[in-house]
Amino acid sequence: MYPDRDFNIDENPPASAKDLAQDLNLAPLVDAMSRGDTFIHRVVLTALLHASGDPAVVRFRQDNLDDALANESVVRRLYELAINVAAEQRRHFWMGQQTQPSRIVYRAVQGIQLYLPHLRELKELADEVQDHFVSDGFRALFATLIAELNEDYLDEVAQHTRELAFPEGAFMSVELGPGGNGQNHTLRDPRRRRRGWLGRLTGGGKVYSFSVPSRDEAGFEALTDLLNRGTNSIANEVGQAVDHLSSFFAALRTELAFYVGSLNLRAALHAKDERTCRPSVHRWEEEILEFTDLKDVALTLQGPARVVGNDSRATGCDLIVVTGANSGGKSTYLRSVGLAMLMANAGMFVTASSLSISLHSGLWTHFAREEDETLSKGKFEEEVARMSSIVDGVCPRQWVLLNESFSSTNEREGSSLAEQVINALADSDVRVLLVTHMFDLATALQTRRGDSALFLQATRAVAGSTSYRLVPGEPLPTGFASDIMARLGGFE
Amino acid sequence: MSVLFATPSSDDRPTRLTDAADITDLALNQVLATIIDDADRDELLPYFLAGLRQPDDVRFRHEVWRDLEDASLVESLAQFAAALHQVDLRLQWSRDTRFNEERLSWYLDAALRYCHAIAVLYGVLEGASPRSRGLTAVRDYLSLYTNDPAFVALRDDATAARHELDQIRYSLTIRGATVRVGVFGGDDEYAAEIRALFERFNQGGATTTYRVAYRDSYSMNHVEAAIANRVAKLFPHAFATLTAFESAHGTFVTSSIRRLASEFKVYTSYHQFMKRFQPLELDFSLPEIVSSGDGVEVHDAFDVALANKLVRQSAKVVTNSFRLGPTERVIVVSGPNQGGKTTFARMVGQVYYLAARGLPVPGSSARLSLVDEVFTHFSRAENNTMQAGKLEQDLVRMKDILRRATSSSVVIANEVFSSTTVSDAVTLGTLALQRFVSLGCRCVYVTFVDELSRLDPAIISMVSTIDPVDATIRTFKILPRPADGRAYALVIAEKYDLTYDQIRARVGS
Chain A
86 MYPDRDFNID ENPPASAKDL AQDLNLAPLV DAMSRGDTFI HRVVLTALLH
136 ASGDPAVVRF RQDNLDDALA NESVVRRLYE LAINVAAEQR RHFWMGQQTQ
186 PSRIVYRAVQ GIQLYLPHLR ELKELADEVQ DHFVSDGFRA LFATLIAELN
236 EDYLDEVAQH TRELAFPEGA FMSVELGPGG NGQNHTLRDP RRRRRGWLGR
286 LTGGGKVYSF SVPSRDEAGF EALTDLLNRG TNSIANEVGQ AVDHLSSFFA
336 ALRTELAFYV GSLNLRAALH AKDERTCRPS VHRWEEEILE FTDLKDVALT
386 LQGPARVVGN DSRATGCDLI VVTGANSGGK STYLRSVGLA MLMANAGMFV
436 TASSLSISLH SGLWTHFARE EDETLSKGKF EEEVARMSSI VDGVCPRQWV
486 LLNESFSSTN EREGSSLAEQ VINALADSDV RVLLVTHMFD LATALQTRRG
536 DSALFLQATR AVAGSTSYRL VPGEPLPTGF ASDIMARLGG FE
Chain B
10 MSVLFATPSS DDRPTRLTDA ADITDLALNQ VLATIIDDAD RDELLPYFLA
60 GLRQPDDVRF RHEVWRDLED ASLVESLAQF AAALHQVDLR LQWSRDTRFN
110 EERLSWYLDA ALRYCHAIAV LYGVLEGASP RSRGLTAVRD YLSLYTNDPA
160 FVALRDDATA ARHELDQIRY SLTIRGATVR VGVFGGDDEY AAEIRALFER
210 FNQGGATTTY RVAYRDSYSM NHVEAAIANR VAKLFPHAFA TLTAFESAHG
260 TFVTSSIRRL ASEFKVYTSY HQFMKRFQPL ELDFSLPEIV SSGDGVEVHD
310 AFDVALANKL VRQSAKVVTN SFRLGPTERV IVVSGPNQGG KTTFARMVGQ
360 VYYLAARGLP VPGSSARLSL VDEVFTHFSR AENNTMQAGK LEQDLVRMKD
410 ILRRATSSSV VIANEVFSST TVSDAVTLGT LALQRFVSLG CRCVYVTFVD
460 ELSRLDPAII SMVSTIDPVD ATIRTFKILP RPADGRAYAL VIAEKYDLTY
510 DQIRARVGS
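Sequence lines, in order, name chains A and B.
Each residue of the first sequence is one higher than the one before, starting from 86 at the first, in the numbering used here.
Each residue of the second sequence is one higher than the one before, starting from 10 at the first, in the numbering used here.
Written as structure tokens, this is what we have:
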């Protein structure tokens, strides 16, 4: 997922995550990618929500994804293998909360034995398929597997697991503690002792021995305690060895899940005969945003009807303002752009004929909400508080998407507040995409920021139809509420 | 030698203890429970209950506190007290065991710890050059004690015996029920070998630790004893040295040292308590002690009991200040409910209470007189009904206070007479306040009757306040002023920091 580091699936979602999921309607996209696999769900969501902002990272993923698209069955097989190991581990093995070191060692040895055959399997698969891949990510993965999992190494691991059962007794060194009890019990390599080094290890001196009588339960408990203290010196190493193996397969699964999810999405879109393209990605400073026939991927996946795409050229703009008719496809446009931004930043393909985009480091949404979620505050104050928490989190090099913000108060107040917010954000290197019906706001923004802003109008694609396209145009003084009212036949 | 009392006569157990009811009203019982470990309760509580009457006794403790502004010194005193406790434990174990090797070992360990603790404390005090009478006396005592031939012998013999034991390394081979004990001479790193074997799978993520935390076992079982017995045979010289050490030194802990550790804990436990509030940026300070005719003032103080609770929730604690001129005696607190009036009253009482024990008080700075007693009269909210019985109880308690209070006392009265009619509350309150004024004691009087604040020039008015911006926000600030207006409007954007300039500043970097 990254050329130089591991993908962290446990990363906390950004503060914008909850709003993004709701406002951009992420669910259909993530569901189509995960196909019920909760693990893919997590990985994909994490990838979508955490933007690196780095074109090198995104291109690295795009290359890997191209490889995955060309070798679908191998990638799915690798993922299956990782999934199956995890499932087998869940069924047959659990370190559990062991309180005795000797139990830890015993359980851990079982664990290592469980992973061994799968390591061999993985190595064989890598040998077989490595030549089919060209991307840096997949080449590096296969090279690592082949180098690290060689035959000699796997044999040595097997031998160690046999020794750790202590077939000839546990051998340890001990020092004298403050109360006359032993301390620093340290288990020593049983192989060296067996090879006839005993004489030297025991200093060549006298050896006293005694036995605990078979009915002395307290005595056996004491022996167990000594064994535990001895094995404690290696319990951590053996226990962590199992964790390392487990995390190795988990990492394999994590690194592959995103690509399997993308394969799933491609299949779903192909079934609907939708086209996708690999975005051309750029640094934030280049201020690039242009696309042709961009469709709302969530809407495409959800509905039976073909979705209308939009074209825009917003290169050089730090503000996009969409005005015009109610139900004029403004929100759909906003969502389609937001989703494309997330997907492009994650390294995925998008549902468009073309997309050139500067990468952001974060995305925020502020949508007018249907109902007041918090009862303690008025609706307007809730909106203001939500905006304030966005300002808390937003940083330069990020986008904020506003959909009818501050429409819960009268237009004069709402637009003056929105104007302050938008100007301040845009002047702080935060780009804003705004959908509004507030004419005062749109004209004020045009006056102040017209040079670096794109203004779009919602218009009927075909006169009288319910399809809309967005075209560049000056803000108009009213929406078309009366149209709609008329179409609905008024309130009667 | 003492770090708590200037003269031997003021020493020994306190005679004047504050009423338990007053302690409870001031919520100091909870505070003391936090300050003092349960195990130390009987040993330390009397020191915190007994008030000091002589300004020189207070000064004596203040000197020590000033030395203790060096936090590492406090840490050293705490370590010394803890070390002495560990010594006692080991002497106990040595007495209790039936195994020869164990008895010898614990006795040696106790002696080592004792000598080490003494040496460390002396070194610290030498290096810290204390200025207080208390700590310089301790340093001078230790200078003599550490050169005492008996102490020197104890230290040298113990060190030599331990050194011999440290050379011992034996091997154990456990197979079934059989244990073989021998001399060990190898050095392989088995754990490291295993770690290296699996290192290549390490993904660098969070790792579980599988090492079980074994405490050193404190009592020997018969298998350990059997092993120790074989080890003694394998290393006969070391164990002969140990036997000789025990017979040469008997009881080695002196009573002066034991007493010192106990007195240290008064300082270290209170210091530990003050440290809890550092994250909340709440200060403690040593009050300047003035005579009862002088003005008093405390800045940025807080209710220690409330803060003690809030600190666990990392909640913000509001501080308050107060000031009384030389001729002023009474603070009448009124204003909106739930505004922190009771907390304020409690705070004033606590400040006087703590000051009279030579302790730092909550606040960034303080000037206070030494008081003989802090009386409290708190009305219980749940009994706030118009019952004759309740009013009578209130009056009885008030009479009792007026009988016992002197010009050096402090009285904290909270919503007294609130169980009666307003006119009764005015009449009774007026009578009580006039008595306090003529008595000359300091008093905080919390009431809803604001005309009481205008009774006499010796009375000042303080009020609980609300947020000037949002009337629904309580500030818990108690300020010296007459009744408050609260007509303020707000621009919501400003409240949420959403003006152009505010956003620019917030997103800025």
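Where is the CB? At the ideal position from N, CA and C, for every residue including glycine.
On a predicted model such as this, the values are computed, not experimentally measured, just so you know.
{"Query": "Counted within 10 angstroms of its Cβ, other Cβ atoms place B:H172 as buried (16 or more) or exposed", "Result": "exposed"}
{"Query": "Alpha-carbon to alpha-carbon, A:L105 and B:G349", "Result": "42 Å"}
{"Query": "Option nearest B:A375 by Cα separation, candidates B:A59, B:V357, B:T182", "Result": "B:V357"}
{"Query": "Own chain partners of A:Y164 with C-beta closer than 6 Å, once the 5 adjacent residues on each side are dropped", "Result": "L341, V345"}
{"Query": "Beta-carbon separation (whole angstroms), B:V73 vs B:Y276, contact threshold 8 Å", "Result": "7 Å"}
{"Query": "Given 8 Å, three or more beta-carbon pairs between the stretch 93-110 of chain A and the stretch 440-449 of chain A", "Result": "yes"}
{"Query": "Proximity test, Cβ basis, 8 Å: A:D91 and chain B", "Result": "yes"}
{"Query": "Identity of the residues DSSP links to A:V515 by a beta bridge", "Result": "A:Q483"}
{"Query": "Cβ-heavy atom distance, A:N488 to the ligand GTP, below 7 Å", "Result": "Summarising the ligand content, the structure contains no ligands, and the ligand GTP is consequently not present."}
{"Query": "Start and end residues, beta strand (DSSP E) containing B:H125", "Result": "Not the beta strand (DSSP E): B:H125 falls in the alpha helix (DSSP H), residues 109-137."}
{"Query": "Nearest-angstrom Cα separation, counted from A:A425 out to A:A117", "Result": "16 Å"}
{"Query": "B:A316 versus B:A42 - alpha carbon distance", "Result": "14 Å"}
{"Query": "Close Cβ partners of B:L319 (< 8 Å) along its chain, the five nearest in sequence each way excluded", "Result": "L289, K325, V326"}
{"Query": "Limits of the alpha helix (DSSP H) - the one that A:T309 falls within", "Result": "302-356"}
{"Query": "Endpoints, alpha helix (DSSP H) assigned at A:W369", "Result": "First-last for A:W369: undefined, no H or E at that position."}
{"Query": "Per-residue burial, A:Q147 [other beta carbons within 10 Å of its own, 16 or more giving buried]", "Result": "buried"}
{"Query": "Test: B:T218 CB closer than 8 Å to a CB of chain A", "Result": "yes"}
{"Query": "Start-to-end residues for the alpha helix (DSSP H) that takes in A:M428", "Result": "415-431"}
{"Query": "Contact set between the stretch 170-194 of chain B and chain A, restricted to residues whose Cβ is under 7 Å from the partner", "Result": "L174, I177, R178, Y179, S180, L181, T182, I183, R184, A186, T187, V188, R189, V190, G191, V192, F193, G194"}
{"Query": "Every unbroken beta strand (DSSP E) within the stretch 41-119 of chain B, with a cutoff of 3 residues, ordered by chain", "Result": "none"}
{"Query": "Same chain, Cβ closer than 8 Å to A:E458, neighbours up to 5 away in sequence not counted", "Result": "In this predicted model, A:E458 has a pLDDT of only 39, less than 50, meaning its place in the structure is not dependable enough to derive any value."}
{"Query": "Nonlocal neighbours in the same chain, by C-beta distance under 6 Å from A:G478, ignoring five residues either side", "Result": "A100"}
{"Query": "Proximity of B:M229 and A:G264 at Cβ, strictly below 8 Å", "Result": "yes"}
{"Query": "Touch test, the stretch 110-121 of chain B against the stretch 252-261 of chain B, Cβ-Cβ under 8 Å, three pairs minimum", "Result": "yes"}
{"Query": "Presumed contact (8 Å Cβ cut-off) between A:S438 and A:L374, rounded CB distance", "Result": "Not a contact, Cβ separation roughly 15 Å."}
{"Query": "Residues bridged to A:F452 (per DSSP)", "Result": "A:N488"}
{"Query": "Cβ-based neighbour list, B:V341, same chain, cut-off 6 Å, excluding 5 preceding and 5 following", "Result": "Y454, L461, S462, I468, S470"}
{"Query": "Minimum Cβ-Cβ distance from A:L286 to chain B less than 8 Å", "Result": "Confidence at A:L286 is low in this model, with a pLDDT of 49, below 50, so its placement is unreliable and the value that follows should be read with caution. Judged by the 8 Å Cβ criterion, A:L286 is in contact with chain B."}
{"Query": "Cross-strand partners of A:A255 (DSSP beta bridge)", "Result": "B:I183"}
{"Query": "Collapsed DSSP secondary structure at B:P371 in the structure displayed", "Result": "strand"}
{"Query": "Counted within 10 angstroms of its Cβ, other Cβ atoms place B:E198 as buried (16 or more) or exposed", "Result": "exposed"}
{"Query": "Against chain B: residues of the stretch 467-483 of chain A by CB proximity under 8 Å", "Result": "V469, A470, M472, S473, V476, D477, V479, C480, P481"}
{"Query": "Proximity below 8 Å, CB of B:T352 to CB of B:P466", "Result": "no"}
{"Query": "Cβ-Cβ separation, A:E241 to B:L206 (assumed contact under 8 Å), whole Å", "Result": "7 Å"}
{"Query": "Bridge partners - B:H386, DSSP secondary structure assignment", "Result": "B:A422"}
{"Query": "B:R366 versus B:D31 - alpha carbon distance", "Result": "15 Å"}
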